[in-house]
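**Student:** For reference, the structure I am asking about is given below.
Residue numbers (my numbering): 1 to 174.
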């Protein structure tokens, strides 16, 4: 009887461990680039999963790009970048994106303005090498979104790294 109990316990333990291992997600290798620029703060935005892929589409009407990061066929990061001429149409950055959670004007490390929330950001980086600005719109989804008043900090760290590299790539800054 004792051997039967031990055998049942061993079988149950092995079954539980095998099930847990099969259900757990793997930590993905974090890409070194996003939207064809090197990035340092992408890891906090990327959920665990089995597969990751990116796509890049150059805009035809004006300099810019649409970029996406997919994890297990779910879009977790979508960014549109456009180089625009002239002055910005935005007059009140506190009103930009009020339909998004915890969105407000935030100070950024580059020349320009930004409204950043926990799952969306709208940025206008001022060009220094030419007239105009670089417009960046970002959507973030998945289990790494923190819908809290301080959840925007993840996106802000990413944008503070990403936007200056995009402005340089598109000839907006030197």
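Where a beta carbon is used, it is the ideal one built from N, C-alpha and C, also for glycine. Please read these numbers as outputs of a predicted model, since none were measured by experiment.
Between the alpha carbons of residue 153 and residue 87, how many angstroms are there, rounded?
**Tutor:** So the two alpha carbons sit approximately 27 angstroms from each other.
**Student:** Please report the straight-line C-alpha distance between residue 177 and residue 164, rounded to a whole angstrom.
**Tutor:** What is shown of the chain runs 1 to 174, which leaves residue 177 out entirely.
**Student:** How far does the beta strand (DSSP E) with residue 124 in it reach, from first residue to last?
**Tutor:** Residue 124 -> beta strand (DSSP E) spans 120-126.
**Student:** Could you have a look at residue 166 and say whether DSSP puts it in helix, strand or coil?
**Tutor:** Helix, per DSSP.
**Student:** Determine the DSSP secondary structure at residue 95, reduced to helix, strand or coil.
**Tutor:** Correct three-state label for residue 95: helix.
**Student:** Give the straight-line distance between the Cα atoms of residue 158 and residue 137, rounded to the nearest whole angstrom.
**Tutor:** Using only the alpha carbons, I get a separation of about 13 angstroms.
**Student:** Contact between the stretch 141-155 and the stretch 126-133: three or more CB pairs below 8 angstroms?
**Tutor:** No: fewer than three Cβ pairs fall under 8 angstroms.
**Student:** Return the residue from the list 39, 33, 34 and 115 that minimises the CA-CA distance to residue 161.
**Tutor:** When each option's Cα is compared against that of residue 161, the closest is 39.
**Student:** Assign residue 114 to one of two classes, buried (16 or more other C-beta atoms within 10 Å of its C-beta) or exposed (fewer than that).
**Tutor:** By the 10 Å Cβ count, residue 114 comes out buried.
**Student:** Quick one: complete alpha helix (DSSP H) runs, 4+ long, within the stretch 43-73?
**Tutor:** Taking only runs of at least 4 residues, no alpha helix (DSSP H) segment lies wholly in the stretch 43-73.
**Student:** Using DSSP's beta-bridge definition, name the partner residues of residue 103.
**Tutor:** In DSSP, residue 103 forms no bridge with anything.
**Student:** Leaving out the 5 sequence neighbours to the left and right, which residues in its chain are closer than 6 angstroms to residue 55 when beta-carbon positions are compared?
**Tutor:** Excluding sequence neighbours, residue 55 sits near 68.
**Student:** If I measure Cβ to Cβ from residue 93 and keep anything under 7 angstroms in the same chain, skipping five residues before and after, which residues do I get?
**Tutor:** Contacts found: 105, 113 and 115.
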